[in-house]
Amino acid sequence: MPPELEHREQEFRDYLSILGRRWLTIVITTILVVGAAVGITYLEDPVYEAHAEVLLPIGGEGDAERAVSTEIRVFSSDAVRQAVAEKMGSVPAVSASPVGLTDTIIVTARSGKAQAAAEAANIYSETFLEVRKQQEIDALNASAEELDAKVNEIQGQIDLLPTDPENGTQEAADLDRLSDRRDFYRDQLDDVRFELQRAQRTGAGEIVTRAAAPGSPVEPKPERAGLIALAFGLLLGVGLAFLREYLDDTIKTKDDLERASGGVT
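For the sequence shown, counting from 1, position 119 maps to 118 in numbering that gives the first Met the number 0; every step adds exactly one.
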C-alpha cells in the first residue's frame with residue numbers, strides 16, 4: 000500500500016477510535032440538544048391555519064396571471080383591511096396566494112385557535128369580495144355618469160342647430176356628425192349599464208371553498224424540531240468528542256505511549 004494511503008487509513012482508524020472512546024459524550028450531547036429542542040416546542044403557543052378558496056371573475060382575455068396578482072394586491076389594500084377591522088375589531092393574520100394558473104386564490108388565516116382561524120379566513124374573503132364589488136360598482140357608476148353627460152351635451156348641441164332652409168346642407172352634415180357621436184356614446188353607456196347590472200347581480204367573485212376549523216396546529220412541530228436537533232446534536236457531540244480528545248493528555252493506548260516517549264518503548 001502506498002505510504003499516503005496507509006497514512007490516511009491510519010488517520011481514519013484514529014478517528015473511529017476517538018469516536019469509540021467518546022461515544023458517551025456524543026450520545027449525551029445529542030440527547031440534551033434533542034430534549035431541549037422538543038421541550039421548547041411544547042412550550043410554544045399552538046398556531047392553527049385555515050384556508051378558503053376564492054374564484055375571481057378574471058375571464059379568458061388579457062394576462063390572467065397579472066390580473067390575479069393585481070387582485071392579490073387589492074386583497075392586502077388598506078380599504079379591505081379597514082373594512083375587516085370594522086367587522087372583527089382588528090385585522091387578523093391573513094394572506095392570499097394564487098392557485099397555479101387558475102383564476103382562484105387561496106386565503107390563509109392563522110390564529111391561536113382553530114375556529115378563530117377559520118372565521119378569519121371566511122370573513123376576510125367575504126369582506127374582500129364586498130369591497131371589490133363596491134369598487135367595481137362605483138367605477139361603473141362614474142363611467143355611466145360621464146357618458147350620460149356627454150350624450151346630453153351632444154343632444155343639446157343638436158337641439159341648437161339652426162333650421163334655416165338656405166343652410167340645409169350644412170345643417171344636415173352637422174346633424175349627422177353630432178348624431179353619430181351621440182349614438183357612439185349611447186352605445187358605450189348601454190354597455191356600461193349592462194356591466195353595472197352584472198356587477199350588482201353577481202359581484203366580484205365568489206367563495207368556492209369556505210374555511211373549516213383545522214384539526215391540528217401547523218406550529219409548533221415537535222417531530223420536525225426533533226429531527227433538526229438530532230442532526231445538530233450529532234455534529235455538536237462529535238465536535239465535543241474530538242475537543243475532549245485533544246485536551247486529554249492521559250495515556251490510553253500504545254500509540255499514546257510511543258508519542259509520549261518520543262518513539263522509544
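The C-beta atom is built at its ideal place from N, Cα and C for all residues, glycine as well.
Residue i - DSSP class collapsed to helix/strand/coil
| i | result |
| --- | --- |
| ALA117 | helix |
| THR101 | coil |
| ILE30 | helix |
| SER178 | helix |
| ARG109 | strand |
| LEU55 | coil |
| ALA172 | helix |
| GLU48 | strand |
| LEU15 | helix |
| SER75 | coil |
Option nearest residue i by Cα separation, candidates the options
| i | options | result |
| --- | --- | --- |
| PRO91 | GLN114, ALA120, ALA203, GLY34 | ALA120 |
| VAL73 | GLU85, ASP44, GLU144, GLU129 | GLU129 |
| THR103 | THR69, LEU188, ARG197 | THR69 |
| PRO213 | GLN187, ALA49, GLU125 | ALA49 |
| SER142 | GLN156, VAL53, ARG7, ASP189 | ASP189 |
| TYR47 | GLY38, ASP173, VAL93 | VAL93 |
| LEU139 | ARG192, GLU43, ALA95, LYS112 | ARG192 |
Residues near residue i in its chain [Cβ-Cβ closer than 6 Å; skip 5 each side]
| i | result |
| --- | --- |
| LYS267 | The shown model of the chain, from 0 to 264, leaves out residue 267, and the question about it has no answer. |
| LEU239 | THR24, THR28 |
| ALA113 | TYR47, ALA212, PRO213 |
Buried or exposed by the 16-neighbour rule on C-beta atoms within 10 Å, applied to residue i
| i | result |
| --- | --- |
| ARG176 | exposed |
| LEU242 | exposed |
| ILE153 | buried |
| PRO216 | buried |
| GLY204 | buried |
| ARG200 | exposed |
| PHE127 | buried |
| ILE39 | exposed |
| TYR123 | buried |
| ALA117 | buried |
| GLY34 | exposed |
Same chain, Cβ closer than 7 Å to residue i, five either side skipped, listed in chain order
| i | result |
| --- | --- |
| PHE231 | VAL32 |
| LEU174 | ILE157, LEU160 |
| VAL263 | Residue placement at VAL263 is flagged as unreliable, the pLDDT there being 47, under the threshold of 50; a coordinate-derived value is accordingly withheld. |
| GLU135 | ALA198, ALA203 |
Residue i beta carbon near the ligand ZN (any heavy atom closer than 7 Å)
| i | result |
| --- | --- |
| GLU170 | Ligands are entirely absent from the displayed structure, and the ligand ZN is therefore not among its contents. |
Neighbourhood of residue i by C-beta, 8 Å cutoff - its chain only, sequence neighbours within 5 removed
| i | result |
| --- | --- |
| GLY43 | The question names Gly, but residue 43 is Glu in the sequence shown. Result list for GLU43: GLU218, PRO219, in chain order. |
Could I get the ranges of all uninterrupted alpha helix (DSSP H) runs contained in the region 171-236, with 4 residues as the minimum, in chain order?
Counting whole runs of 4 or more residues, the region 171-236 contains no alpha helix (DSSP H) stretch at all.
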